[in-house]
Amino acid sequence: KTGYEIDTNVATSYAAVVEAMGAGNADIGWLNTFGYILAHEKYGVEVILATVRFGRPYYTGQIIVRADSGIKTLEDLKGKTMCWVDPLSTSGYVIPRVMLQAAGIDPDKDFAKTVEAGSHNNVVIAVYNGDCDAGATYVDARRTVEKDLPDVMEKVVVIAESPQIPNDTVSVRKDLPPEVVETIKNALLEIAQTDEGKEALKQVYEIEDLVEVDDSFYDGFRATLDAAGVDIEELAK
209 KTGYEIDTNV ATSYAAVVEA MGAGNADIGW LNTFGYILAH EKYGVEVILA
259 TVRFGRPYYT GQIIVRADSG IKTLEDLKGK TMCWVDPLST SGYVIPRVML
309 QAAGIDPDKD FAKTVEAGSH NNVVIAVYNG DCDAGATYVD ARRTVEKDLP
359 DVMEKVVVIA ESPQIPNDTV SVRKDLPPEV VETIKNALLE IAQTDEGKEA
409 LKQVYEIEDL VEVDDSFYDG FRATLDAAGV DIEELAK
């Protein structure tokens, strides 16, 4: 579609994608919301597309527990084992910590143990298996493991849901030529309308479509982080 030869790599973490784009080792990145905001602040990375799920370019996070755990509220999580996705995961770390703080829980001190599971699927599986008492994921990550765990929707339940979060992004490094950016953006939008493209996107965290956005789309989320005392400039150092 683009006429360019494109090499793809799967990074080990969100932070690795941010740093690869900052170093010029990656031209295009599928960055999560918080990762994009950090990359924009630190390296001037620019968003070109946002993902669409359930017909919307935004989503919510959730905190999950086993149905038989006796845990009903966020306050019940004190002294428990908490599963995170990754320190740069928006719904699997950043926003749930804000939610917990609002409930009077210090996520750095009030858990018996914390685990970085590495993916949303792994968080759900860890809670399902009882390896973690609670976990933070996007809504509804349980669906992604339902094929292997048919009873996951009954055994793992949601005790809290976050405010709206802008969806993850397709972003480009700062000095990528505008004509290249435009070609890539248009090709991805076109591919997203084909049957093969739709199926490929569905395999990547249930993406339904792609929509064109710019940096201002994430301003509301920046305000949420600011109100919660999350200092992007400090994190970008």
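My numbering applies: residue 209 is where the sequence shown begins, and numbers increase by one. The beta-carbon is built from N, C-alpha and C at its ideal position, and this holds for glycine as well.
Residue span of the beta strand (DSSP E) that contains residue i, given as start and end
{"i": "Tyr-413", "result": "Here Tyr-413 belongs to no beta strand (DSSP E), and DSSP marks it neither H nor E."}
{"i": "Ala-224", "result": "First-last for Ala-224: 222-230, but that is the alpha helix (DSSP H), not the beta strand (DSSP E)."}
{"i": "Ile-271", "result": "269-274"}
Under 8 Å between C-beta atoms of residue i and residue j
{"i": "Phe-429", "j": "Ile-373", "result": "yes"}
{"i": "Lys-393", "j": "Ile-256", "result": "yes"}
{"i": "Val-225", "j": "Gly-243", "result": "yes"}
{"i": "Lys-382", "j": "Glu-249", "result": "no"}
{"i": "Ile-236", "j": "Val-378", "result": "yes"}
{"i": "Val-353", "j": "Val-332", "result": "yes"}
{"i": "Val-364", "j": "Ala-275", "result": "yes"}
{"i": "Thr-268", "j": "Tyr-426", "result": "no"}
{"i": "His-328", "j": "Gly-287", "result": "no"}
{"i": "Val-438", "j": "Val-302", "result": "yes"}
{"i": "Ala-247", "j": "Met-229", "result": "yes"}
{"i": "Asn-375", "j": "Tyr-266", "result": "yes"}
Terminal residues of the alpha helix (DSSP H) in which residue i lies
{"i": "Lys-250", "result": "241-251"}
{"i": "Val-353", "result": "Taken as a continuous stretch (DSSP letters only), Val-353 belongs to no alpha helix (DSSP H), as it is neither H nor E."}
{"i": "Tyr-346", "result": "Premise fails: Tyr-346 lies in the beta strand (DSSP E), 342-346, not in any alpha helix (DSSP H)."}
{"i": "Lys-393", "result": "386-399"}
{"i": "Ala-334", "result": "328-337"}
{"i": "Thr-432", "result": "427-435"}
Own chain residues within Cβ distance below 6 Å of residue i, not counting five before or after
{"i": "Ala-436", "result": "Val-306"}
{"i": "Tyr-222", "result": "Asn-240, Gly-243, Asp-294, Leu-296"}
Other residues of its chain near residue i: CB distance less than 7 Å, five sequence neighbours each side excluded
{"i": "Ser-277", "result": "Asp-341"}
{"i": "Pro-386", "result": "none"}
Residue i burial status per 10 Å Cβ neighbour count (16 or more: buried)
{"i": "Gly-263", "result": "exposed"}
{"i": "Gly-343", "result": "buried"}
{"i": "Asp-314", "result": "exposed"}
{"i": "Arg-350", "result": "buried"}
{"i": "Ala-400", "result": "buried"}
Does the count of Cβ pairs from the segment 355-370 and the segment 417-431 closer than 8 Å reach three?
-> The segment 355-370 is not in contact with the segment 417-431.
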